[in-house]
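Participant: Going by the working numbering, the first residue of the sequence shown is number -14, and it counts up by one from there.
The structure's right below; bear with me while I get my questions together.
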Amino acid sequence: MSDLITADLVDLDLDRSADGKEGAARALAGRMAAAGRVTDLDGFLADVAAREAQTPTGLDGGIGIPHCRSAHVTEPTLAFGRSTRGIDFGAADGPADLVFLIAAPAGADDAHLTILSALARQLMNTAFTDALRAVRDPGTAAALIRGEEPAEALIRGEGPTGALIRDEGPAGAPAEEPDASEGAGFEEGAGGPVFRVVAVTSCPTGIAHTYMAAEALENAARDAGVDLVVETQGSAGFTRLDPALIEAADGVILAHDVAVRDKARFAGKPTVDTGVKAAVNRPAELIAEVRAKAARGEVTAGTTPVERTGDSAEGYGSMLRKWLMSGVSYMVPFVAAGGLLIALGFAIGGYEINKAPSVMDHFLWTQADSWAALLFQIGNVAFAFLVPVLAGYIAYGMADRPGLVPGFVGGSVALTIEAGFLGGLAAGLLSGAVVLAIQRVRIPAALRGIMPVVVIPLISAAVVGFLMFVVIGKPIASAQQAMTDWLGGLSGTNAVLLGALLGLMMCFDLGGPVNKVAYTFATAGIAVADPSASAMKIMAAVMAAGMVPPLAMALATTVRGRLFNAAERENGKAAWVLGASFISEGAIPFAAADPLRVIPASMAGGALTGALSMAFDATLRAPHGGVFVVPLIGNPLLYLVAVAAGVCVTTALVVLLKGLRTPAPGTRTPVGAPREKQTATA
């Protein structure tokens, strides 16, 4: 374990080799690569950047902890750098002068990760960080971090840097991780029982913030005279809190940026639910908040989720994005599976495969058309789940398991009233809000047991269904009909303008009501025995524009991967096939995560493609299929040029807009200046 960090992995003059946080990460990662700890420098740095894009890794007190788990790391490794100018890692109180780059392999062993968690806890100790600021020799700095004897001598003033007094014990000694169930429990105070709190901490990587939050909460609880036991759900594994501890607790603190495992354990307790950095930056406030909730008697019902108060710096926009991404992440596999099956059906059976009879009644093992129809019909069934799954898991992100029933019901109603993607979004948000409202009603303890299984599903499904059918359905249907009539009036005037307009509509909501109006308008024109040339031009323009958003997102993640997180880069790979198959939903993960940049860029590219397709007189009789039906397209070469032009425009705009979103470094607190207490960072 002693080689977790060596002198070769320490840079005490980081300013000489680095500029900004990307430069600092590259300089320290380069040392890891030179030591044989990292196999692919650029691949590892991409993983570091993806983690950094999730939440800033700067901490109050002048500390930056970029970290990630990566397949390009051979063994758990720590590199340390020190800066005199300071490097901005997004902390509220200014730049960092101490930078720790933590690298863990995808399958890191628990022992090494326990040491990493111990370091994270030590970062909350000012004597430890003061010693690192004063040390002059890389070898001594590495020993200090490892907790070896030279570090102890350094702190006692016997080392080369002079006197650094500390009474609490060795600064670098790895802290033992408390067991949440064995040897950890509540104690009786001198004057009777003290206030008791159980807590859970977790961050996306499970390496640093998880354990720093636990340490901060434990220190604040000690100062406040509160008895607290923490369950750290980190990469080194975790031991669940003893149910007896939860039962005896007076309150619960959940500090997390990823889902708390088995969250229903804490139902019925006064609870503060917030981000992990809130626990690092303002633990005393969280403890005071949970005590206040307990004093007011605020509890949750049955196995429903606890109330999420949110970080003070987490606005409604951030929470909305988390809820939407919860739904999108569960929906994407249905998009990929259903879209590819539909595309394969068209590729094998041709554009009329959508008219094939049910394979339950007509299936011949030796006929390719039967297999094509089977693939197409299975894909259609998978696609039918998109909106209900989206709505259900948006509600799940807001209200946990009780949100699933009204969410799925509302999503299914959205399909029935032809509200599409936007209807699913509305149904999901509405379902989560209804469930949260029901949970706020105080009920007798005797009824809490039936709330999650009977009362909440019954009431929430009825309310959401009523609102979707009676309140939301009619306005959406009227708007769709009005748009359809308007498009019909344009078809005989300016074909290029109509193509641009249809392109805008196809890319506006990616399968929602506006997209559906454009697509229905096009398919209605060719659903006759002898469609007109103008009808086939409209169909060609609609399909070309619908291919642009996913293809552009795939290209953008390929040429500028650093602007996207790891999940988006993975979605980009699938988007190549989905876009080529005319599955516009392949761009939904990107649009939901960053709508203000992705949707306008997609609309610009879609409008150009639609206009060019009409100008080139491209025609299409098939209602679907993407590149698999190119042989059926009139003027196929120019048609592909139109698609490529729109893809390039959208890609360029997305890259430009995302590149501008990083704020220029502003005036920061000088390193070494007194650091005042700050509120939590986002």
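Glycine included, each C-beta is placed from N, C-alpha and C at the ideal position.
As the structure is a prediction and not an experimental result, all values here were calculated from the model.
Straight-line CA distance for P442 to V481?
Facilitator: C-alpha separation (whole angstroms): 50 Å.
Participant: Kindly confirm or deny that the stretch 419 to 429 and the stretch 366 to 374 touch, where touching means at least three C-beta pairs closer than 8 Å.
Facilitator: Because the criterion of three Cβ pairs below 8 Å is not met, the stretch 419 to 429 and the stretch 366 to 374 do not touch.
Participant: Out of curiosity, what's the CA-to-CA distance linking M436 and A89?
Facilitator: Rounded to whole angstroms, M436 to A89 spans 43 Å at the Cα level.
Participant: How many Å lie between A18 and G66 at the Cα?
Facilitator: C-alpha separation (whole angstroms): 15 Å.
Participant: What does the Cβ neighbour count give for E570, buried or exposed, with the cut at 16 atoms within 10 Å?
Facilitator: Buried: at least 16 other Cβ atoms inside 10 Å.
Participant: Hey, how far is the Cα of D78 from the Cα of G47?
Facilitator: Approximately 8 Å, taken between the alpha carbons.
Participant: Can you tell me whether H347 is buried or exposed? The criterion is at least 16 other CB atoms within 10 Å of its CB, across all chains shown.
Facilitator: H347 comes out exposed.
Participant: How about A198 and V265: do their beta carbons lie closer than 7 Å?
Facilitator: Taking 7 Å as the Cβ cut-off, A198 and V265 qualify as a contacting pair.
Participant: Is A20 closer than 7 Å to A12 when the C-beta atoms are compared?
Facilitator: No.
Participant: Since F613 contacts F331 with CB under 8 Å, what's their CB separation in whole angstroms?
Facilitator: About 5 Å; that satisfies the 8 Å criterion.
Participant: When we look at the beta-carbon of A14 and count the other beta-carbons within 10 Å, is it buried (16 or more) or exposed?
Facilitator: Under this definition A14 is a buried residue.
Participant: Compute the distance between the beta-carbons of V261 and D242, then report whether it is under 7 Å.
Facilitator: Their beta carbons are under 7 Å apart, which means V261 touches D242 by this criterion.
Participant: State the Cα-Cα distance for the pair K558 and G564, rounded to the nearest angstrom.
Facilitator: Cα to Cα, K558 sits roughly 10 Å from G564.
Participant: Beta carbon of L489, beta carbon of A404: below 7 Å?
Facilitator: Against a cut-off of 7 Å, the Cβ pair of A404 and L489 comes out as no contact.
Participant: Return the residue from the list P51, T24 and V438 that minimises the CA-CA distance to A9.
Facilitator: That would be P51, whose Cα lies nearest to the Cα of A9.
Participant: What is the DSSP secondary structure of P90, reduced to helix, strand or coil?
Facilitator: It is a strand residue.
Participant: Going straight from the alpha carbon of W561 to that of E555, what length do you get?
Facilitator: Rounded to the nearest angstrom, the two C-alpha atoms are 11 Å apart.
Participant: If I measure Cβ to Cβ from A234 and keep anything under 7 Å in the same chain, skipping five residues before and after, which residues do I get?
Facilitator: Cβ within range, chain order: R181, V182, V183 and K254.
Participant: Tell me where the alpha helix (DSSP H) around G395 begins and ends.
Facilitator: Unbroken alpha helix (DSSP H) run through G395: L389 to T401.
Participant: Alpha carbon to alpha carbon, what distance is there between A357 and L239?
Facilitator: Their Cα atoms are separated by approximately 50 Å.
Participant: Going by the beta-carbon positions, is the gap between V533 and T635 smaller than 7 Å?
Facilitator: In this structure, T635 lies closer than 7 Å to V533 by Cβ.
Participant: If you draw a straight line from the C-alpha of S55 to the C-alpha of T195, how long is it?
Facilitator: Approximately 18 Å, taken between the alpha carbons.
Participant: With a 10 Å radius around its C-beta and 16 neighbouring C-beta atoms as the bar for buried, classify T288 as buried or exposed.
Facilitator: Confidence at T288 is low in this model, with a pLDDT of 37, below 50, so its placement is unreliable and the value that follows should be read with caution. Burial call: buried.
Participant: With distances taken from CA atoms, which of E60, D0 and L(-11) is nearest A103?
Facilitator: It is L(-11) whose Cα lies nearest to the Cα of A103.
Participant: Mind checking who L108 pairs with in its DSSP beta bridge?
Facilitator: Per DSSP, none; premise fails for L108.
Participant: With C-beta atoms as the reference, is L117 less than 7 Å away from A64?
Facilitator: It is not a contact, given that the beta carbons lie outside the stated cut-off.
Participant: What is the DSSP secondary structure of F493, counted as helix, strand or coil?
Facilitator: In the structure shown, F493 sits in a helix (DSSP, three-state: H, G or I).
Participant: Assuming L487 and I523 form a contact by the criterion Cβ under 8 Å, report the distance between their Cβ atoms to the nearest whole angstrom.
Facilitator: About 7 Å separates the two Cβ atoms, so the contact holds.
Participant: CB-CB under 8 Å to I338, same chain, minus the five flanking residues each way: which ones, in chain order?
Facilitator: G330, F331, D354, A357, A358 and F361.
Participant: Here's the rule: buried if 16 or more other CB atoms are within 10 angstroms of the residue's CB, otherwise exposed. What is P535?
Facilitator: Buried is the call here.
Participant: Kindly indicate which three-state DSSP category I72 falls into: helix, strand or coil?
Facilitator: Strand, per DSSP.
Participant: Looking at C-alpha atoms only, which residue of P61, S587 and V237 is the closest neighbour of V211?
Facilitator: Selected option, being the one with the closest Cα: V237.
Participant: If you run the structure through DSSP and keep just helix, strand and coil, what is E216?
Facilitator: Strand.
Participant: Buried or exposed: K459, going by 16 or more other Cβ atoms within 10 Å of its Cβ?
Facilitator: When all chains shown are included, K459 counts as exposed.
Participant: For A269, collect the residues of the same chain with a Cβ closer than 6 Å to its Cβ; drop the 5 residues on either side in sequence, then sort them by chain order.
Facilitator: The answer, listed in chain order, is A205.
Participant: If I follow the unbroken beta strand (DSSP E) through A240, where does it start and stop?
Facilitator: From DSSP, the beta strand (DSSP E) with A240 extends over G236 to H241.
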